[in-house]
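*Asks:*
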DNA sequence: ACGTAAGTCATGCGCCTGACTTAAAAGTGG
DNA sequence: CCACTTTTAAGTCAGGCGCATGACTTACGT
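Residue numbers (the numbering used here), protein chains in the order written: chain A, 1 to 229; chain B, 230 to 458.
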């Protein structure tokens, strides 16, 4: 409550510095390519084992990065999910999954690294488990999932699971790709994170609404009812 | 044309051994986590510089792996594209993109590694360029793209590009995930590569057909007041 | 039949890594 | 004000890495 700099403040600052440095290095060079030493140096720490000291291990560090952002995304999403309460429009619930992530990156301002970091962490055998655990067990995400399910009650359970995976992969990797394009100064088709999220939501809505082909039966109809867009 | 084992036969065998070993190690541990030494040893080569010698660099090795499989996929896809000639069914062309990859993995028999390898290579900054170049400049793929375009002539060019990216990401990562599940002996929702491809094709058809939301005013603020400032 | 060049092997060098040890610095609580 | 704990700094160590080098083996062309 006073202006004094306590010990825990300074420790928190050090941890934060390490988190930020690690996030950037990871995003730019990949998780496996960045050593704990590099991270410590980049964070201005003289000790080459600062990462181990503060986070136990590289995996612990990765988890901490994910948690930090997840908390903020969670806040945005929870508000959005509450707004959508009772909605029967599929698109609303899909937006609840996509928009908060995009919004969070927009809030952070250019440049960001968490998008690329997420994609790399999810693609890496060593950390995918930890990341999923940290990011997927979110109350708001579960509620959005339920809302979505209510819009598509007839979708077979396996197909739902399958498309859940698809949606996750698509969201993370497309956001990472846009972030990369931004970082490289290239042109992006959508000129804001919000618009990118709209494009993603469009596509995911189509994906979820796609009719399920029964294998053995002939081809699916070409034109699909996109009634609720 | 006698039965003798020529030198070039033995060299080709060595190269192939290295390719196979590398593919497996890469798929299981990630590109960055596997050293050229490990690959050489795994391939039974006494020399720790075998990779450099035969492929110039790790990037060259990665390219060679991609090329090897791309050739076979290309063959399958070209046949399929010719079959679809003149078709106006969107689904046909999407299938031309998905099925050959799945078919190829099915042909290889369990276990396979190329699916996971592809996903990792595409997610890695260091190699994504080389991989794209190797895999995306395929005549059959371009023709399928044209066929697909003809089915959706009114789709804005930026959206088409965007969804092309989506389709690629989705295909590669979902195939990788299925391969991973197979390798770990877990249950997979679809019980064959073909059926998995059908599920993927369903989803992608919906994705491509999804209506495009026009975002209203040109300048949406990037940082949106969610809640209150 | 023999010289040459390609392929393979073995080894050493400099660099970087994570883990570990030791010591200094800085905040905390009696 | 002092003993104590936590945090940061600095340095050591064994091991793995890519790369360069040189010797050995062997198929091929003349």
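C-beta: ideal position from N, C-alpha, C; glycine also.
The structure presented is a predicted model; accordingly, all values stated were derived computationally and were not measured.
Going along chain A in order, which residues have a C-beta closer than 7 angstroms to the C-beta of residue 352(B)?
*Replies:* Chain A residues near residue 352(B): 119, 120 and 123.
*Asks:* Indicate whether residue 117(A) and residue 65(A) have their beta-carbon atoms separated by less than 8 angstroms.
*Replies:* The answer is yes: Cβ separation under 8 angstroms.
*Asks:* Return the Cβ separation of residue 205(A) and residue 439(B) in integer angstroms, given the expectation that the two are a contact with Cβ distance under 8 angstroms.
*Replies:* Their Cβ separation, rounded to whole angstroms, is 6 angstroms, which keeps residue 205(A) and residue 439(B) in contact under 8 angstroms.
*Asks:* Do residue 67(A) and residue 134(A) have their CB atoms nearer than 8 angstroms?
*Replies:* Contact flag set, yes.
*Asks:* Cβ closer than 7 angstroms: which chain B residues qualify as neighbours of residue 32(A)?
*Replies:* Here the neighbours are 259, 261 and 262.
*Asks:* So is residue 206(A) in contact with chain B if we call contact Cβ pairs under 8 angstroms?
*Replies:* Judged by the 8 angstroms Cβ criterion, residue 206(A) is in contact with chain B.
*Asks:* Can you have a look at residue 19(A) and say buried or exposed, based on whether 16 or more other CB atoms are within 10 angstroms of its CB?
*Replies:* Buried.
*Asks:* Can you give the Cα-Cα distance for residue 303(B) and residue 429(B), rounded to whole angstroms?
*Replies:* Taking the straight line joining both Cα atoms gives about 19 angstroms.
*Asks:* Decide if residue 431(B) is buried, meaning its Cβ has at least 16 other Cβ atoms within 10 Å, or exposed.
*Replies:* Residue 431(B) comes out buried.
*Asks:* List, in order along the chain, the chain B residues whose C-beta lies closer than 8 angstroms to that of residue 169(A)?
*Replies:* The contacting residues are 398, 399, 402, 403 and 406.
*Asks:* Can you check whether the C-beta of residue 162(A) is within less than 8 angstroms of a C-beta belonging to chain B?
*Replies:* Yes, residue 162(A) counts as interfacial toward chain B.
*Asks:* Determine, for residue 382(B), whether the minimum Cβ-Cβ distance to residues of chain A falls below 8 angstroms.
*Replies:* Taking Cβ atoms only, chain A never reaches closer than 8 angstroms to residue 382(B), which makes this a no.
*Asks:* Between residue 70(A) and chain B, is there a C-beta pair that is closer than 8 angstroms?
*Replies:* Not one chain B Cβ lies under 8 angstroms of residue 70(A).
*Asks:* Quick one: is residue 442(B) near chain A, going by C-beta distance under 8 angstroms?
*Replies:* So, interface residue.
*Asks:* Anyone know if the C-beta pair for residue 169(A) and residue 398(B) falls short of 8 angstroms?
*Replies:* Yes, Cβ-Cβ distance for residue 169(A) and residue 398(B) is below 8 angstroms.
*Asks:* Pull up the CB-CB distance for residue 341(B) and residue 408(B), whole angstroms please, since I reckon it's below 8 angstroms.
*Replies:* Their Cβ separation, rounded to whole angstroms, is 6 angstroms, which keeps residue 341(B) and residue 408(B) in contact under 8 angstroms.
*Asks:* For residue 319(B), is the classification buried or exposed, using 16 other Cβ atoms within 10 angstroms of its Cβ as the cut-off for buried?
*Replies:* Residue 319(B) is buried by the Cβ-count criterion.
*Asks:* What in chain A is Cβ-close to residue 411(B), meaning under 7 angstroms?
*Replies:* Ordered by position in chain A, no residue passes the 7 angstroms Cβ test against residue 411(B), which lies about 15 angstroms from the chain.
*Asks:* Which class does residue 221(A) belong to by DSSP, given the choice of helix, strand or coil?
*Replies:* Interpretation of residue 221(A) is limited by its pLDDT of 46, a score under 50 that renders its predicted location unreliable; no figure is taken from the coordinates.
*Asks:* Taking the C-alpha atoms as reference points, what is the distance between residue 311(B) and residue 377(B)?
*Replies:* Approximately 14 angstroms, taken between the alpha carbons.
*Asks:* At which residue ranges does the stretch 6–31 of chain A contain complete alpha helix (DSSP H) runs of 4 or more residues, listed in the order of the chain?
*Replies:* For the stretch 6–31 of chain A, whole alpha helix (DSSP H) runs of length 4 or above, ordered along the chain, are 7–29.
*Asks:* Looking at chain A, is there any beta carbon in it that lies within less than 8 angstroms of the beta carbon of residue 439(B)?
*Replies:* Yes, because at least one Cβ of chain A sits closer than 8 angstroms to the Cβ of residue 439(B).
*Asks:* Just the Cα atoms here: how many angstroms apart are residue 456(B) and residue 389(B)?
*Replies:* Model confidence at residue 456(B) stands at a pLDDT of 40, short of 50, so the residue's coordinates are unreliable; what they give is reported in the following sentence. Their Cα atoms are separated by approximately 35 angstroms.
*Asks:* With 8 angstroms as the threshold, decide whether the Cβ of residue 185(A) is near any Cβ in chain B.
*Replies:* Answer no: the Cβ-Cβ gap between residue 185(A) and chain B never drops below 8 angstroms.
*Asks:* Would you verify that the beta carbon of residue 458(B) is, or is not, closer than 8 angstroms to some beta carbon of chain A?
*Replies:* Low local confidence applies: a pLDDT of 33 at residue 458(B) is under 50, so the model's placement there is unreliable, and no value is given.
*Asks:* If distances are taken between C-alpha atoms only, which option among 61(A), 27(A) and 13(A) comes closest to residue 184(A)?
*Replies:* Checked all of 61(A), 27(A) and 13(A); the closest Cα to residue 184(A) is 27(A).
*Asks:* Would a check of beta-carbon distances place residue 431(B) closer than 8 angstroms to chain A?
*Replies:* It does; some Cβ of chain A falls within 8 angstroms.
*Asks:* Give, in chain order, every unbroken run of the alpha helix (DSSP H) that is at least 4 residues long and sits entirely within the stretch 29–77 of chain A.
*Replies:* The qualifying runs are 36–42 and 50–55.
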